[in-house]
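Q:
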Amino acid sequence: MLQELKQKFKEYYGDGQVECIFSPGRVNLIGEHTDYNGGHVFPCALTIGTYMLARKREDRTLRFFSVNFEKAGVFVTSLDELTWKKEDRWTNYPKGVIWAFQQKGFEINYGMDVLVYGNIPNGSGLSSSASLEVATGLMLKTMFGFDQVTMTDIALWGQYAENRYNGVNCGIMDQFACAMGKEGHAIFLDTADLSYQYVPVQLTDAKVLIACSNKKRGLGDSKYNERRSECEEALKDIQKVMPIKNLGELTEETFEQVKGAIRRPICVQRARHAVLENQRTLQAVEALNKNEIELFGRLMNESHVSLRDDYEVTGVELDTLVEEAWKCEGVIGSRMTGAGFGGCTVSIVKNDAVDNFIASVGKAYEEKIGYPADFYVVDIGAGAYRIEE
Ligand code: GLA
Numbered sequence: 126m127l128q129e130l131k132q133k134f135k136e137y138y139g140d141g142q143v144e145c146i147f148s149p150g151r152v153n154l155i156g157e158h159t160d161y162n163g164g165h166v167f168p169c170a171l172t173i174g175t176y177m178l179a180r181k182r183e184d185r186t187l188r189f190f191s192v193n194f195e196k197a198g199v200f201v202t203s204l205d206e207l208t209w210k211k212e213d214r215w216t217n218y219p220k221g222v223i224w225a226f227q228q229k230g231f232e233i234n235y236g237m238d239v240l241v242y243g244n245i246p247n248g249s250g251l252s253s254s255a256s257l258e259v260a261t262g263l264m265l266k267t268m269f270g271f272d273q274v275t276m277t278d279i280a281l282w283g284q285y286a287e288n289r290y291n292g293v294n295c296g297i298m299d300q301f302a303c304a305m306g307k308e309g310h311a312i313f314l315d316t317a318d319l320s321y322q323y324v325p326v327q328l329t330d331a332k333v334l335i336a337c338s339n340k341k342r343g344l345g346d347s348k349y350n351e352r353r354s355e356c357e358e359a360l361k362d363i364q365k366v367m368p369i370k371n372l373g374e375l376t377e378e379t380f381e382q383v384k385g386a387i388r389r390p391i392c393v394q395r396a397r398h399a400v401l402e403n404q405r406t407l408q409a410v411e412a413l414n415k416n417e418i419e420l421f422g423r424l425m426n427e428s429h430v431s432l433r434d435d436y437e438v439t440g441v442e443l444d445t446l447v448e449e450a451w452k453c454e455g456v457i458g459s460r461m462t463g464a465g466f467g468g469c470t471v472s473i474v475k476n477d478a479v480d481n482f483i484a485s486v487g488k489a490y491e492e493k494i495g496y497p498a499d500f501y502v503v504d505i506g507a508g509a510y511r512i513e514e
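Shown next, in the form of structure tokens:
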């Protein structure tokens, strides 16, 4: 793989030294739409992700090329043109991160020739954009010798670029998982203070299975921002009666006490999801630590119901995948993962039930939705790293 990419790099940009970075995608096991509410999340990095090859230039030109969109050719821009433009397409992500580094006071005086290749299915909700952002951050750190920049900084500035450059008010989960992942472990992250623990995911007789709905997110970004502001509105109302900083500070009991202060019913619903999902995440991690995998699965199922009914981010495609999964033998738990509005589901499935799962969920999905879903058994990989030879 790497040799082929190096060959491509040479074809497009000529001979010479290149720096190589790999940054993974992620899947979130539980804790959805909690990361901008100061709650907990439980994602893991995957072994699929983004390869980035780059070389420093002697001028201020930036050239970007993606093997995935070969026909689109090389995008040429410069360090003096770091503003979001629709026609810049995927290059808005790396450009945003270069801009973010500059905003944070790091001088980037030279341009770069960049080639990327990703094997995360596009628009699947497995964080191909965060993966690209983290790859860019680590590339800048490596190439410009910013030794003081930590992997947490890279995650934070990737999020900053996504928020301020690309206009999606996402939380920190995706970039954090791509930057900080650990092989065979999920990350139990408290988004209120970024403290985290690695929790081994040792499923002796089961697998983590991703089903991709192949429904593109479409309007998802604006709906995402809308959900976020509904939660903020609920928080403001609650703050009139209780001094909290985040919805994540509430338990089920305290939420019941204060929910009367929330004026709009829709915001009660959104806040209830944020609060209970956070509590479920705490319980799920405890369950996994005690090897109570059945309980973990039940909490995943409850998470989906809450995302479907209270948060309303699932849609017929994700609901079909999950509801069909629930009917299958050997399914420990199944839920949508990521932002929703399309994208993927994550399921924990007994080893000997995987083939049947793929056949029966696949068939029912195609019959109902009209196009097929894709299925992947995934491995939990490491966070972004430099590929040294
Ligand atoms: C997207 C965002 C994350 C998080 C999830 C929902 O993936 O980028 O920050 O909010 O949605 O849990």
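Under the working numbering, think of the first position of the sequence shown as 126, with each following residue one higher. Every residue gets a Cβ at the ideal spot worked out from N, C-alpha and C, and that includes glycine.
Sorry if obvious, but does the Cβ on residue 298 come closer than 6 angstroms to a heavy atom of the ligand GLA?
A: Yes, the Cβ of residue 298 comes within 6 angstroms of a heavy atom of the ligand GLA.
Q: I want to check one thing, is the minimum distance from the CB of residue 464 to the heavy atoms of the ligand GLA below 6 angstroms?
A: Within the cutoff, so yes.
Q: Please confirm whether any heavy atom of the ligand GLA lies closer than 6 angstroms to the CB of residue 158.
A: Yes; taking the cut-off as 6 angstroms, the Cβ of residue 158 has a heavy atom of the ligand GLA nearer than that.
Q: Secondary structure at residue 328, three-state DSSP: helix, strand or coil?
A: Correct three-state label for residue 328: coil.
Q: Pair every Cβ in the segment 280-292 with every Cβ in the segment 472-488, then say whether three or more of these pairs are closer than 8 angstroms.
A: Not touching, per the Cβ criterion.
Q: Who are the Cβ neighbours of residue 259 in its own chain at under 7 angstroms, not counting the five residues just before and after it?
A: 148, 279, 280, 283, 300, 303, 304, 509.
Q: The ligand GLA and residue 295: does any heavy atom of the ligand fall closer than 6 angstroms to the residue's C-beta?
A: Indeed, a heavy atom of the ligand GLA lies less than 6 angstroms from the Cβ.
Q: Please list the terminal residues of the continuous beta strand (DSSP E) segment that includes residue 126.
A: Counting along the chain, residue 126 falls outside any beta strand (DSSP E), and DSSP gives it neither H nor E.
Q: Just how far apart, CA to CA, sit residue 396 and residue 194?
A: The straight-line gap from Cα to Cα measures roughly 40 angstroms.
Q: Could you check how far apart the C-beta atoms of residue 179 and residue 337 are, in whole angstroms? I think they sit under 8 angstroms.
A: With a Cβ gap of about 29 angstroms, residue 179 and residue 337 do not count as contacting.
Q: For the alpha helix (DSSP H) that residue 287 lies in, which residues bound it at each end?
A: Element bounds for residue 287: 276-289.
Q: At which residue ranges does the segment 202-279 contain complete alpha helix (DSSP H) runs of 4 or more residues, listed in the order of the chain?
A: DSSP runs (the alpha helix (DSSP H)) wholly in the segment 202-279: 217-228, 253-269.
Q: Applying the criterion that 16 or more other CB atoms from any shown protein chain within 10 Å of the CB defines a buried residue, is residue 262 buried or exposed?
A: Residue 262 should be labelled buried.
Q: Nearest-angstrom Cα distance between residue 250 and residue 140?
A: Computed Cα separation, rounded: 36 angstroms.
Q: Sort 271, 456, 393 by Cα distance to residue 479 and report the nearest one.
A: Minimum Cα distance to residue 479 is reached at 456.
Q: How about the segment 320-339 and the segment 440-455: do they share at least three Cβ pairs that are nearer than 8 angstroms?
A: Cβ pair count under 8 angstroms is three or more, so yes.
Q: Going straight from the alpha carbon of residue 160 to that of residue 298, what length do you get?
A: Rounded to the nearest angstrom, the two C-alpha atoms are 6 angstroms apart.
Q: Going by beta carbon distance, what residues of the same chain come within less than 7 angstroms of residue 410, once the five residues before and after it are set aside?
A: So the qualifying residues of the chain are 167, 313, 324.
Q: With distance defined between alpha-carbon atoms, name the residue in 477, 127, 150 nearest to residue 311.
A: Selected option, being the one with the closest Cα: 150.
Q: Hey, residue 292 and residue 170 are a contact pair by Cβ (cut 8 angstroms); roughly how many whole angstroms apart?
A: Not confirmed; about 25 angstroms, so no contact.
Q: Select from 435, 436, 477, 487 the residue whose C-alpha is nearest the C-alpha of residue 448.
A: Looking at the Cα atoms, 487 is the closest of the given residues.
Q: When we look at the beta-carbon of residue 219 and count the other beta-carbons within 10 Å, is it buried (16 or more) or exposed?
A: So residue 219 counts as buried.
Q: Which residues in the same chain have their Cβ closer than 8 angstroms to the Cβ of residue 248, if we skip the five residues on either side of it in sequence?
A: Cβ neighbours of residue 248 beyond the five flanking positions: 341, 342, 467, 468.
Q: Using the C-alpha atoms, what's the distance from residue 213 back to residue 196?
A: C-alpha separation (whole angstroms): 14 angstroms.
Q: Using the Cα positions of residue 425 and residue 353, report the straight-line distance between them to the nearest angstrom.
A: Their backbone Cα atoms lie some 22 angstroms apart in a straight line.
Q: Please name the residue or residues paired with residue 176 in a DSSP beta bridge.
A: Answer by DSSP bridge pairing, in chain order: 147, 242.
Q: In angstroms with no decimal places, state the Cα-to-Cα distance between residue 376 and residue 240.
A: About 47 angstroms.
Q: So the alpha helix (DSSP H) residue 425 belongs to, where does it begin and stop?
A: Run containing residue 425: 418-434, per the alpha helix (DSSP H) assignment.
Q: Return helix, strand or coil for residue 349, following the three-state DSSP convention.
A: Helix, per DSSP.
Q: Going by DSSP in three states, residue 408 sits in which element: helix, strand or coil?
A: Helix at residue 408.
Q: Given a cut-off of 7 angstroms on the beta-carbon distance, is the pair residue 372 and residue 400 in contact?
A: Yes, Cβ-Cβ distance for residue 372 and residue 400 is below 7 angstroms.
Q: What does the alpha-carbon distance come out to for the pair residue 370 and residue 256?
A: One C-alpha to the other measures close to 29 angstroms.
Q: Which partner residues of residue 323 appear in the DSSP bridge assignment?
A: For residue 323, which the question treats as bridged, DSSP gives the partners 312.
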